[in-house]
Every structure is written in structure tokens, then in C-alpha cells.
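Count along the sequence shown from 1, then add 290; that gives the number in this note's numbering.
Where is the CB? At the ideal position from N, CA and C, for every residue including glycine.
A short write-up of the structure that comes next.
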Amino acid sequence: APFICEFFKDVQEKCLPYMDYVFGNETEARTFSRVHGWETDDVEQIAIKISQLPKATGTYKRTTVITQGADPVVVAEDGKVKKYPVIPLPKEKLVDTNGAGDAFVGGFLAQLVHGKAIEECVRAGCYASNVVIQRSGCTYPDKPDFN
């Protein structure tokens with residue numbers, strides 16, 4: 291929702307120092323960059339800049355995760371970027387993208403709370419969003435098959 295970056299900039303700036311993980315898609319990232327006067331549309335650079343914004347405490351580093359539809363997921367932490375592939379999906383299997391971002395974050399966090407590595411968190415997020423976009427509405431099959 292790019293409008294959140296545009297209309298709630300002050301609220302975001304107050305919350306960001308307390309965020310260890312920041313999620314968004316490429317459109318939201320570019321809007322965030324524009325609203326903050328950053329002179330870049332490069333998602334990787336934006337992810338790094340967000341991850342390096344000041345934090346309220348130094349207990350945890352900030353990790354920024356930017357999805358890009360069919361393009362690789364960008365993860366920035368410690369001033370470095372890693373890109374992770376998404377699960378390929380033929381266009382004819384794409385049904386509805388509503389809820390894809392929420393599904394990605396849910397899958398990611400499901401692994402994070404179990405102490406999994408970022409790579410596995412991204413893989414779970416990609417799996418969850420891949421399942422959701424093949425169905426109408428944000429729905430899942432009775433038994434998801436994430437291995």
C-alpha cells in the first residue's frame with residue numbers, strides 16, 4: 291500500500307526506530323524512497339538505506355525484506371543485500387494476487403519464530419505467497435505442503 295508511505299510518513303518515522311524487520315514490495319519501497327527525498331529507485335539501495343536507519347536500541351539489527359512479484363526477493367542487513375529467487379509460476383496459473391504480501395510475511399515469520407535462517411524464512415514466504423496467488427482470495431488448501 292504505497293499510500294501508507296505517502297500519507298503516514300510521520301507515523302512511519304516514529305515507528306521505524308523500534309522495527310527489527312521491515313517488509314514491503316517494490317512499489318512501496320520506491321514510494322518510501324521518493325517521500326523521504328532519497329534520489330534512487332533502485333530497490334537494493336532502498337533496502338540498504340531502510341535497514342541502516344537509526345534504531346532506538348542496538349539490541350538487534352534491522353532486516354529489510356522487499357518482494358518484487360516474479361523477481362527475486364531483496365533482503366538487506368548489515369549494509370549488504372542478498373537476493374532470493376521466487377517459485378516460478380506460469381501465467382495461466384496466476385489467479386489472484388490479493389493477500390500475496392501478507393502470505394509472504396506470514397510464511398517468513400512462521401520460520402523466523404522457530405529460529406530458522408533468513409534463507410529458510412524467505413523460502414517459506416515465497417511458498418505461502420505462491421500458494422495464495424493460485425487461488426481466489428487469500429485462501430489455502432486444507433493441507434499445505436511446505437517442505
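Between R413 and the set R425, G396, T429 and C428, the nearest pair of CA atoms involves G396. Under the criterion of beta carbons closer than 8 Å, Y374 and V365 qualify as touching, at roughly 7 Å. Collapsing the DSSP output to three states places K345 in coil. Annotation for F322: no beta strand (DSSP E) segment contains it, though the alpha helix (DSSP H) segment containing it runs E316 to V325. Apart from sequence neighbours up to five positions away, the residues of its chain that approach V371 with a beta-carbon distance below 8 Å are E334, A337, I338, V364 and V365, ordered along the chain.
Your pair C295 and E318 checks out as a contact, with CB atoms roughly 6 Å apart and the cut at 8 Å.
Listed as beta-bridge partners of F313 by DSSP are V355.
By the Cβ-count criterion, T353 is buried, with 16 or more other Cβ atoms from all chains shown falling within 10 Å of its own Cβ.
Beta-bridge partners assigned by DSSP to V363: Y374. About 16 Å separates the beta carbon of I356 from that of T387, a gap too long to meet the 8 Å contact definition.
Linking E382 to R425 through their CA atoms gives a straight-line distance of about 12 Å. Here DSSP, grouped into helix, strand and coil, assigns L379 to coil.
Cα atoms of F436 and S419: separation of roughly 12 Å, rounded to the nearest angstrom.
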